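Under our numbering, the first residue of the sequence shown carries the number 1257, and numbering increases by one thereafter.
Note that beta-carbon positions come from the ideal geometry of N, C-alpha and C, so glycine has one too.
Values in this document were obtained by computation on a predicted structure and should not be read as measured data.
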Amino acid sequence: MSERPDDLCPRPPQLPPQPCPPHAPPLLLSSVYECASPDQAEALLSGQSPGYVYARDGHPNADMLAEKCRALHGAERAVVVGSGMAATAAALLSQLQAGDHLVASNQLYGRSLTLLVQETARLGIASTVVDTCDLAATRAACTAKTRLIVAETITNPLLRVSDVAGLAHVASQVGARLLIDNTFAGPVLCRPLELGAELVMESVTKTINGHSDVVLGVLCGPAALWSRVPTVVSTWGLASAPFDCWLALRGLGTLAVRIERACQSALAVARSLVGHPAVSAVHYPGLPDHPQHSLARAQFGEQFGTIVTLTLRGGTPEATAFIQRSGIAFCPSLGELSTTLSHPESTSHRALSPSARAALGIEGGTLRLSIGIESTDWILSAVQRGLEGRP
Ligand SMILES: *Cc1c(COP(=O)(O)O)cnc(C)c1O
């Protein structure tokens, strides 16, 4: 007698036998795994044997992506979490406790500063914000309780370059760890752990995924600092979703060629802007007059990143006109396949007062271009259209 539909249908199917492994990674959406026995469940949940029980603790698609990121950064450990912010939170919550002090760069991503300064204050962690491009000022900001220094490899939107080895030296002098947000550089340009940082995080949302369809983050570091990381990720609920990890792993497949192409075009765009009468400033680490050009060359080699920032004479009205004339999509993110632009005054830095923005060099006419993988000619002519108002 055949089984009743209401008994048959809800039960999971058997995986068919498959002697040949799939060449492309499988997508394992399961939130939970079947345990053979209480002994096995105990061994898995205590971490004694490798494997999966519950996807908030870990799942294969996150681990396949984490393994690639771990190898790219030459790290001992890596964990993929639900966003770049979750990666920074995982670093903070695993390394610090009440009574500790941290030093944060004054040019960090806005939400990172909110997390590291305001949210930490509620947890009893003190902080000092400083220009971490100034090593002496960074050293002076450290106290006997400083446990973490946080800086970005390349800052937003003025693209200042951090001296990672110099900051690592300051951190070691005061007994702190250095956490680098490597989102703007990415592992193709820079591997901060090789330069002495203990921890590196990236927003996988940006260039690593590259296709504007995922929000994810990754944290990499040494085994010696990892004991609390799995517990923090699981108990604070920082986990990632399998499909997002599957998509990001696919995006990562083309990372190196996308970066190579976009860096070439970014340098060409930056050079085309220098000396243009409508442009009052061009920021790009690959230009010889960039304040940290030789440091950038030493840290990154011959690729200087995919972001170019310019300031137009004529303020916000001229920035608005540029956006309309150029036809480049105005998206307040970066690292997309296509060239996009952002207007820091109205997006990433809108919470700052005009004088605080001016201190960072951000004006109404400041635009941040994220260079995509279109041909260099196409991108150059879009930028020229934006500048000249001619098609
Ligand atoms: C986007 C971004 C983040 C935050 O990453 P999410 O994936 O959006 O949480 C952190 N740092 C930098 C430099 C970023 O650009």
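Checklist entry - What are the boundary residues of the beta strand (DSSP E) that C1476 is part of? => result As a first step, residue 1476 must be located in the sequence shown, where it is residue number 220. For C1476, the enclosing beta strand (DSSP E) covers residues 1473–1477.
Item to check | Top-ranked residue by Cα proximity to S1286, from P1316, L1503, A1280 | outcome: The count along the sequence shown starts at 1 and reaches residue 1286 at position 30. Among P1316, L1503, A1280, the Cα nearest to that of S1286 is on P1316.
Item to check | Any non-hydrogen atom of ligand 1 within 7 Å of M1320 CB | outcome: As a working mapping, residue 1320 is identified with position 64 in the sequence shown. No.
Item to check | Per-residue DSSP class, three states only, for V1488 | outcome: Along the sequence shown, one-based indexing puts residue 1488 at 232. Helix, per DSSP.
Checklist entry - Looking at C-alpha atoms only, which residue of Q1555, G1571, L1523 is the closest neighbour of T1562? => result Counting from 1 along the sequence shown, the entry for residue 1562 is found at position 306. Residue L1523 holds the alpha-carbon nearest to the alpha-carbon of T1562 among Q1555, G1571, L1523.
Item to check | Straight-line gap, L1423 to E1644 (C-alpha atoms, nearest Å) | outcome: Working through the sequence shown from its first residue, we reach residue 1423 at position 167. Working through the sequence shown from its first residue, we reach residue 1644 at position 388. The alpha-carbon of L1423 is positioned some 42 Å away from that of E1644.
Checklist entry - Hey, P1600 and R1581 are a contact pair by Cβ (cut 8 Å); roughly how many whole angstroms apart? => result Numbered from its first residue, the sequence shown carries residue 1600 at position 344. Numbered from its first residue, the sequence shown carries residue 1581 at position 325. That belief does not hold up - the Cβ atoms of P1600 and R1581 are roughly 19 Å apart, past 8 Å.
Item to check | Range covered by the beta strand (DSSP E) that runs through S1459 | outcome: For the purposes of this step, residue 1459 is taken as the residue at position 203 of the sequence shown. 1455–1459 is the span of the beta strand (DSSP E), which, as asked, contains S1459.
Checklist entry - Just checking my contact of G1307 with S1496 at CB under 8 Å: how many whole Å lie between their CB atoms? => result As a first step, residue 1307 is located in the sequence shown; it is residue number 51 there, counting from the start. As a first step, residue 1496 is located in the sequence shown; it is residue number 240 there, counting from the start. That belief does not hold up - the Cβ atoms of G1307 and S1496 are roughly 18 Å apart, past 8 Å.
Checklist entry - Should D1500 be counted as a contact of ligand 1 given a C-beta to heavy atom distance under 7 Å? => result For the purposes of this step, residue 1500 is taken as the residue at position 244 of the sequence shown. Incorrect: D1500 has no Cβ contact closer than 7 Å to ligand 1.
Checklist entry - What does DSSP give as the partner residues of L1625 in its beta bridges? => result Counting from one through the sequence shown, the residue named residue 1625 turns up at place 369. Answer by DSSP bridge pairing, in chain order: V1564, L1597.
Item to check | First through last residue of the beta strand (DSSP E) which encompasses D1437 | outcome: Translated into positions along the sequence shown, residue 1437 becomes position 181. Boundaries of the beta strand (DSSP E) around D1437: 1433–1437.
Item to check | Per DSSP, cross-strand counterpart(s) of V1538 | outcome: Taking the sequence shown and counting its residues from 1, one reaches residue 1538 at position 282. According to DSSP, V1538 bridges with L1566.
Checklist entry - Are the Cβ atoms of R1326 and A1334 separated by less than 8 Å? => result Within the sequence shown, numbered from 1, the residue matching residue 1326 stands at position 70. Within the sequence shown, numbered from 1, the residue matching residue 1334 stands at position 78. Contact: yes.
Checklist entry - M1457: buried (16+ other C-beta within 10 angstroms of its C-beta) or exposed? => result Stepping through the sequence shown from its first residue, residue 1457 is reached at position 201. Around the beta carbon of M1457, 16 or more other beta carbons lie within 10 angstroms, which makes this residue buried.
Item to check | Counterpart residues of E1408 in DSSP-defined beta bridges | outcome: What you label residue 1408 is simply residue 152 of the sequence shown in a count that begins at 1. As DSSP reads the structure, E1408 sits in a beta bridge with D1437.
Next on the checklist: Residues in the same chain with beta-carbon distance under 6 Å from V1373, minus the five sequence neighbours each way, listed in chain order, please.
Outcome noted: Residue mapping note: residue 1373 aligns to position 117 of the sequence shown, counting from 1. For V1373, same chain residues with a beta-carbon under 6 Å away, outside a window of 5 residues either side, are S1383 in chain order.
Next on the checklist: Quick check on the DSSP output: what are the complete alpha helix (DSSP H) runs of length 4 or more inside the segment 1363–1435, in order along the chain?
Outcome noted: Listed in chain order, the complete alpha helix (DSSP H) runs (minimum 4 residues) inside the segment 1363–1435 are 1366–1369, 1391–1397, 1420–1430.
Checklist entry - What residue from N1412, I1381, V1420 has the CA that sits closest to D1390's CA? => result The residue given as residue 1390 occupies position 134 in the sequence shown. For D1390, the closest alpha carbon among the candidates N1412, I1381, V1420 is that of V1420.
Next on the checklist: Is any non-hydrogen atom of ligand 1 found closer than 7 Å to the C-beta of F1440, if you look at the structure I gave you?
Outcome noted: Mapped onto the sequence shown, residue 1440 falls at position 184. Yes, the beta carbon of F1440 sits closer than 7 Å to at least one heavy atom of ligand 1.
Checklist entry - How many Å lie between S1521 and A1322 at the Cα? => result For the purposes of this step, residue 1521 is taken as residue 265 along the sequence shown, with counting starting at 1. For the purposes of this step, residue 1322 is taken as residue 66 along the sequence shown, with counting starting at 1. About 29 Å.
Checklist entry - Does ligand 1 have a heavy atom nearer than 7 Å to the CB of K1662? => result No statement about residue 1662 is possible, as the shown extent of the chain runs from 1257 to 1647 and does not include it.
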